[in-house]
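All you need for the numbering used here is the position in the sequence shown, starting with 1, plus 228. We put the CB at the ideal spot given by N, CA and C, even for glycine.
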Amino acid sequence: MSWLNNMRVAYKLLLLNVIALIGMIVIGLVGYSAVMTAQNDLNTISQTYLKGIFEIGRCRHAVRYAQVQAVLAPLTVDPALYQSRLDKYNGGVKELEESLALYEEIIKDDAQARAQVDAAKREWAKFKAGADKMFTMKSPVGDTSAIAAHRNASLEFYQNEVMPYAVSCGEAILAIQQKAYEDSDKTIERSNEGIASSVRNLFIALGATFVLLIFISLSITKAITNPLSNMVQALHLLKEGDFRRTDLLDADRGDEFGAMALAVREMRQAISKLIHQTSDSSSQFAASSEELTASAHQSAQASEQVAQSVTNSAGAVVEQQSYVNDAMDAINNALESIDNLAKTADKVAEHVASANDEAAAGTEAVETAVNQIISVEKIVNDSALTVDKLGKRSQEIGQIVEAISGIAEQTNLLALNAAIEAARAGEHGRGFAVVSEEVRKLAEESQEAAQKIGTLIGDIQSDTTDAVDSMQKGNAAVRTGTQSVEKLRSTFDSIRDASNNVQKEANNMVKELKEVEKLTYTIRDRSEKILDKGTQVSREMESVSAAAEQQSASAEEISSAADELARLAQDLQNSLQRFQY
229 MSWLNNMRVA
239 YKLLLLNVIA
249 LIGMIVIGLV
259 GYSAVMTAQN
269 DLNTISQTYL
279 KGIFEIGRCR
289 HAVRYAQVQA
299 VLAPLTVDPA
309 LYQSRLDKYN
319 GGVKELEESL
329 ALYEEIIKDD
339 AQARAQVDAA
349 KREWAKFKAG
359 ADKMFTMKSP
369 VGDTSAIAAH
379 RNASLEFYQN
389 EVMPYAVSCG
399 EAILAIQQKA
409 YEDSDKTIER
419 SNEGIASSVR
429 NLFIALGATF
439 VLLIFISLSI
449 TKAITNPLSN
459 MVQALHLLKE
469 GDFRRTDLLD
479 ADRGDEFGAM
489 ALAVREMRQA
499 ISKLIHQTSD
509 SSSQFAASSE
519 ELTASAHQSA
529 QASEQVAQSV
539 TNSAGAVVEQ
549 QSYVNDAMDA
559 INNALESIDN
569 LAKTADKVAE
579 HVASANDEAA
589 AGTEAVETAV
599 NQIISVEKIV
609 NDSALTVDKL
619 GKRSQEIGQI
629 VEAISGIAEQ
639 TNLLALNAAI
649 EAARAGEHGR
659 GFAVVSEEVR
669 KLAEESQEAA
679 QKIGTLIGDI
689 QSDTTDAVDS
699 MQKGNAAVRT
709 GTQSVEKLRS
719 TFDSIRDASN
729 NVQKEANNMV
739 KELKEVEKLT
749 YTIRDRSEKI
759 LDKGTQVSRE
769 MESVSAAAEQ
779 QSASAEEISS
789 AADELARLAQ
799 DLQNSLQRFQ
809 Y
């Protein structure tokens with residue numbers, strides 16, 4: 229995956245987030261499709277099958293109602309009761325015809341159901357013709373035998389001409405109702421299968437997204453950690469002095485790690501070049517050593533001349549000894565004053581050290597103040613980010629709560645309508661009542677989910693409280709920084725006091741120096757006497773002076789060169805032993 233190695237780290241992380249977002253969108257679409265399919269099936273059951281079953285139930289009730297009124301009409305003597313039965317009969321007829329018309333509108337696209345309705349209409353027309361005739365068979369009044377004969381005749385007519393069509397009409401309507409139940413059951417079964425398939429597809433999408441995310445995450449992690457590991461190993465070898473390995477650095481990558489590898493490679497080349505130059509310089513040290521040897525020989529010759537001259541001047545030195553003793557007395561007195569001066573200088577040094585300590589403390593206080601101010605800035609920034617995130621979360625959660633509440637409300641209404649229709653359907657509606665009860669439970673679970681989301685909103689409010697706490701911590705850090713600044717001012721006051729003490733001790737030092745000056749005059753007077761006698765020595769010491777100067781110069785050169793060469797040689801030796809190139 230060379231293309232991944234050439235991608236910037238920020239783009240790698242962005243790629244991972246984009247893939248995760250696409251996976252979430254796919255999962256959301258699968259879930260949304262499942263919900264919409266289930267909703268369509270529920271609408272079909274509610275708007276088609278439940279309404280149809282309800283209207284067919286009304287038809288069966290109307291047939292029985294009209295049948296009862298038709299049977300009782302010939303047996304009714306009271307005109308008012310007769311008229312009431314006729315009105316009830318007409319109401320039943322009207323109810324059946326209206327229900328059949330509504331049912332025909334519902335099943336207008338179902339040819340089999342329309343055929344069943346047409347058959348029921350034919351049986352109903354036959355029943356209605358006989359029932360209408362029953363209402364024309366009015367009972368006689370007064371004669372008991374005539375009334376009995378009329379009843380027998382009307383009952384016989386009912387059994388032969390009306391009841392068979394009533395039974396066949398009821399059976400036809402029952403067949404229609406049975407088909408509606410079967411279609412409803414099939415739709416429910418199909419809906420359940422669709423839901424199961426959607427759940428299965430959802431899990432498949434989840435699994436595929438999870439596997440893809442793991443693969444991409446591992447690839448990106450490997451693309452980041454492998455070059456880092458190689459970089460660390462290469463730098464460790466450089467630290468140990470091994471400049472031979474070049475295969476660990478992949479400078480051909482197009483990301484930040486490639487740029488880092490290129491920079492490390494150039495650094496290795498520069499250091500290797502420097503080591504070669506240092507090795508060449510060691511050859512020059514050898515030449516300097518030869519010159520040092522020559523100077524040493526010259527110094528030896530000059531030393532011989534000095535020795536001869538010193539022998540000639542020994543007599544004059546003895547005569548000058550007495551004057552030297554007097555000079556030593558004066559020098560001793562001067563040393564006492566110098567000793568006092570040294571003590572005073574020590575005190576000055578102590579005060580200066582104290583001032584330095586206080587200055588160091590002041591520096592630390594300044595650093596503390598700066599760190600506290602930086603801490604305040606970070607805390608305030610964190611608080612601002614936290615509040616911003618919480619605001620976004622609140623908006624998103626509010627939208628989710630509104631959506632869930634709307635779905636729960638619609639589901640409750642559907643469950644209520646389903647329960648009503650199931651109650652009207654009676655015995656045949658028990659199965660659908662169970663379905664409506666499950667729908668109601670789903671609505672309650674949706675409401676519980678809304679309550680949980682409310683809890684999440686409470687958590688967001690808690691995050692807001694944390695943000696306020698962070699700001700309060702920032703204020704505390706500011707106060708701490710203020711205290712540090714106050715401490716800094718106190719520290720510099722102490723430094724000022726220490727400086728005053730240094731000034732006082734310096735004044736004492738001036739007094740002591742005046743004493744030294746007086747004693748120095750004494751030394752000068754006595755030294756003039758020594759110079760009178762030293763005239764004899766000077767002639768002999770001229771040659772000593774020339775040789776001594778030459779020897780001194782050579783000795784200084786030898787000493788300086790020897791020390792420098794020794795130090796450089798040792799440093800080079802220790803350094804070059806570590807490197808392998």
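Cα-Cα separation between residue i and residue j, rounded to whole angstroms
i: Arg658; j: Gly370; result: 51 Å
i: Val321; j: Ser312; result: 14 Å
i: Ala403; j: Glu655; result: 16 Å
i: Gln505; j: Glu792; result: 19 Å
i: Arg236; j: Leu446; result: 16 Å
i: Asn268; j: Arg418; result: 12 Å
i: Val299; j: Pro368; result: 16 Å
i: Ala491; j: Glu484; result: 11 Å
i: Tyr317; j: Asp360; result: 9 Å
i: Asp346; j: Leu430; result: 46 Å
i: Ser327; j: Tyr260; result: 37 Å
i: Leu257; j: Leu278; result: 30 Å
i: Glu649; j: Tyr409; result: 13 Å
i: Ile401; j: Asp411; result: 15 Å
i: Leu243; j: Lys501; result: 42 Å
i: Ala374; j: Glu325; result: 36 Å
i: His289; j: Glu389; result: 21 Å
i: Phe282; j: Tyr293; result: 16 Å
i: Lys354; j: Tyr393; result: 6 Å
i: Asp687; j: Lys680; result: 11 Å
i: Asn245; j: His464; result: 34 Å
i: Leu441; j: Ala487; result: 28 Å
i: Ser788; j: Ile499; result: 29 Å
i: Gln295; j: Gln638; result: 41 Å
i: Asn568; j: Met495; result: 58 Å
i: Ile334; j: Ile423; result: 26 Å
i: Glu743; j: Arg795; result: 44 Å
i: Asp338; j: Glu676; result: 41 Å
i: Ser690; j: Glu630; result: 22 Å
i: Thr372; j: Arg379; result: 11 Å
i: Asn645; j: Lys336; result: 23 Å
i: Glu421; j: Val263; result: 13 Å
i: Glu468; j: Gln461; result: 11 Å
i: Glu564; j: Ser582; result: 27 Å
i: Leu241; j: Ile432; result: 25 Å
i: Ser448; j: Pro455; result: With the sequence shown as reference, residue 448 is identified as Ile, and Ser is not the correct amino acid for it. The straight-line gap from Cα to Cα measures roughly 12 Å.
i: Arg668; j: Arg652; result: 18 Å
Alpha helix (DSSP H) segment containing residue i, residue limits
i: Glu283; result: 279-300
i: Ser327; result: 307-334
i: Gly358; result: 339-364
i: Thr304; result: From DSSP, Thr304 is part of no alpha helix (DSSP H); its letter is neither H nor E.
i: Ser373; result: 372-385
Contact belief for residue i with residue j at Cβ below 8 Å, rounded distance in angstroms
i: Gly280; j: Tyr239; result: The Cβ separation is near 60 Å, so there is no contact.
i: Asn234; j: Arg481; result: 6 Å
i: Cys397; j: Ala341; result: Actually they are not in contact, since the Cβ atoms of Cys397 and Ala341 sit about 16 Å apart, beyond 8 Å.
i: Gln405; j: Gly285; result: 7 Å
i: Phe363; j: Leu309; result: With 8 Å as the limit, Phe363 and Leu309 do not qualify as a contact, their Cβ atoms being about 13 Å apart.
i: Ile247; j: Ile444; result: 6 Å
i: Gln344; j: Lys414; result: Gln344 to Lys414, Cβ: 16 Å. No contact.
i: Thr265; j: Ser426; result: 7 Å
Neighbour flag for residue i against chain C, beta carbons, 8 Å
i: Ile432; result: Structure shown: chain C not included; a single protein chain is present.
Quiz prompt | the segment 426-446 in contact with the segment 300-308 per 3-pair CB rule at 8 Å | solution = no
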